[in-house]
Amino acid sequence: MTITDLIEQLQPDVPGCPSATLRDMLRWAQRMLCTEGAAWVHREGPVVVGAKTDAPEIETPPGAEVLRIFTLLDAGRDLSPGSDYWQPTAATVEFLREPSADELDGSLVCRPAVGRDMPADLLSRWDQALIHGAKSRLFALPQPWRDMALSDYHSQHFQSAQVESKHLASAGHQQGSLRMQVPRFV
42 MTITDLIEQL QPDVPGCPSA TLRDMLRWAQ RMLCTEGAAW VHREGPVVVG
92 AKTDAPEIET PPGAEVLRIF TLLDAGRDLS PGSDYWQPTA ATVEFLREPS
142 ADELDGSLVC RPAVGRDMPA DLLSRWDQAL IHGAKSRLFA LPQPWRDMAL
192 SDYHSQHFQS AQVESKHLAS AGHQQGSLRM QVPRFV
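Number 227 marks the last residue of the sequence shown (this note's numbering); no jumps.
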C-alpha cells in the first residue's frame, strides 16, 4: 500500500480537497501514530555504532527520525536506561557503564522524516488508523465538509489505534495482562 492508495480512499469523503492537503494530513497522522503509539519499531542492524568512543552514534534508518531507543543489547544482555545508558536527546546516547562491544544491537522507535512516509508494510498495517487520523483533522477544517462530530468520532478511533500500537510494541501479540498476579498466601 502506498500513500496514493490512502489518498484515493480519502477523496470521496472530502470532495474538492486538494491531494496535497490529503497527503499532508496523512503524513501528520503517520508522525503522530509513530510518536504517540510507537508504530515503527526498527529492529534491523546495529542500533549504536562506536559505543566505546566518546561520541557513540545511533544508526538512523533511511527516511526516518529516531525518537528513542526501545531496547539495547550488549552481548545478549539487556541494557537498562538510567543505569547503563541515557539519551540526552533523541539522536544521542551516553553510556554510564562502558559496553563490552563497539556495535550494539536492539531496537529503535522511529517516525517518518518530514515529507517522507512509513515503509509500505506499516502503511498497509495501519491504513485504517491513518485514515481516521487524517479525517479527524480534515473534518475540523473550515471547509464545506466541516463536521465536528465526525472529527471527534475519527479522533477517538485514531487515539484507540495509538493505544493499540503502543501495546503491540511493548507486549507483542500475546494475550492477557502485562501485570503479574501475585499468588495468594495461604
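Even glycine gets a Cβ: it sits at the ideal position worked out from N, Cα and C.
Report the three-state DSSP secondary structure of Pro-129 (helix, strand or coil).
coil
For the alpha helix (DSSP H) that contains Trp-167, what are its first and last residues?
No alpha helix (DSSP H) holds Trp-167; DSSP gives it neither H nor E.
Let me know the secondary structure DSSP gives Leu-113 once reduced to three states.
strand
Rounded to a whole number of angstroms, what is the C-alpha to C-alpha distance between Gly-156 and Arg-68?
7 Å
Close-in-space but distant-in-sequence residues of the same chain around Ser-177 (CB under 7 Å, 5 per side omitted)
Ser-192, His-195, Ser-196 and Phe-199
Using a Cβ-Cβ cutoff of less than 6 Å, which residues in the same chain neighbour Pro-97 once the five nearest sequence positions on both sides are dropped?
Val-89, Gly-91 and Val-134
Between the Cα of Ala-30 and those of Leu-209, Asp-54, Cys-58 and Ile-48, spot the shortest distance and give me the residue it belongs to.
The structure shown does not extend to residue 30, since the chain is modelled only from 42 to 227, so the question has no answer here.
Could you name the residues that DSSP lists as bridge partners for Cys-151?
Trp-81 and Val-107
Classification of Asp-46 by the beta-carbon crowding that lies within 10 angstroms, buried from 16 upward
exposed
Cα-Cα separation between Ala-80 and Ile-110, rounded to whole angstroms:
14 Å
Asp-143: buried (16+ other C-beta within 10 angstroms of its C-beta) or exposed?
exposed
Please report the straight-line C-alpha distance between Pro-56 and Val-204, rounded to a whole angstrom.
30 Å
Where do the N-terminal and C-terminal ends of the alpha helix (DSSP H) with Leu-209 fall, by residue?
189–212
Please report the straight-line C-alpha distance between Leu-63 and Trp-167, rounded to a whole angstrom.
16 Å
Helix, strand or coil for Asp-158, going by three-state DSSP, please let me know.
coil
Beta-carbon proximity check, Cys-75 vs Pro-153, cutoff 8 Å
yes
Should Ala-175 and Met-66 be called a contact, given that it needs their Cβ atoms to be closer than 8 Å?
yes
Could you tell me which of Gln-52, Thr-112 and Thr-130 sits nearest to His-83, measuring between CA atoms?
Thr-112
Quickly, what does DSSP pair Ile-44 with across the bridge? List them, please.
Note: Ile-44 sits in no beta bridge, so no partner.
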